[in-house]
Structures are given as structure tokens and as C-alpha cells.
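Contents: one structure, followed by commentary.
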Ligand SMILES: [Ca+2]
Ligand SMILES: [Ca+2]
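Below, the structure written as C-alpha cells:
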């Protein structure tokens, strides 16, 4: 569902504690091309992300707001990939993270 309300770190969709597979679908249009999703890992784990997009003009980023200022600095982007269909695996310590598509 397209929404302008999830377009910043501080207003990200909160997925809560991630302990099992979660499926997310988002829709973008000319007025909304961003979506942030927030989740917490209760323990160290390998995060597996699979995604697909109807467009090739698509970036997915894994973010940790290390300094907790509500904005994304370059050093807070753990992973960034541009592809319409792909996946990645990232070992992460317990903590709160964000995924965004642009
Ligand atoms: Ca949005
Ligand atoms: Ca930050």
C-alpha cells in the first residue's frame, strides 16, 4: 500500500521483533517512491532478504541508525543493492535495523 507516512526513519513501518519469515509488499507511484521498515533482532543472526520489483530503477538498503538521529548517514548503510530481483544474506548483531526501498 502506498503511503507517505513511512518515508522517514522515525516514521518507519514497525515490524517489531523479527523471529520468523516476514513478507512485505509496498506500492510506489509518482508521489511516493520511498518506504522504510523497522525491525529488531533479539539475538545475533544471519538476516536473509529476498526481494523483487516490477522496475529495474530500484534500490534496497539495510540501515542501522547508529547515532539515533533519525537520518541516514553514509556509514550507517550496511548494505545497498540495485537490482529488480535479488537476495542477500547479512550477519548482524542483535539490535534495531531498517530496510528501505527507493
Ligand atoms: Ca512510502
Ligand atoms: Ca543516523
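In our numbering, the protein residues as written are -8 to 93. Yeah, the Cβ is synthetic: ideal placement off N, Cα and C, and Gly gets one too.
Along the chain, where does the beta strand (DSSP E) containing residue 22 start, and where does it finish? Premise fails: residue 22 is in no beta strand (DSSP E) and is neither H nor E.
Output needed for residue 46: all residues of its chain with C-beta closer than 6 Å, excluding positions within five of it in sequence on either side, in chain order. none
Whole angstroms are fine: how far does the CA of residue 30 sit from the CA of residue 6? 5 Å
Tell me the rounded alpha-carbon separation between residue 57 and residue 84. 13 Å
Could you check what DSSP says for residue 38 in three-state terms: helix, strand or coil? strand
According to DSSP, is residue 56 part of a helix, a strand, or is it coil? coil
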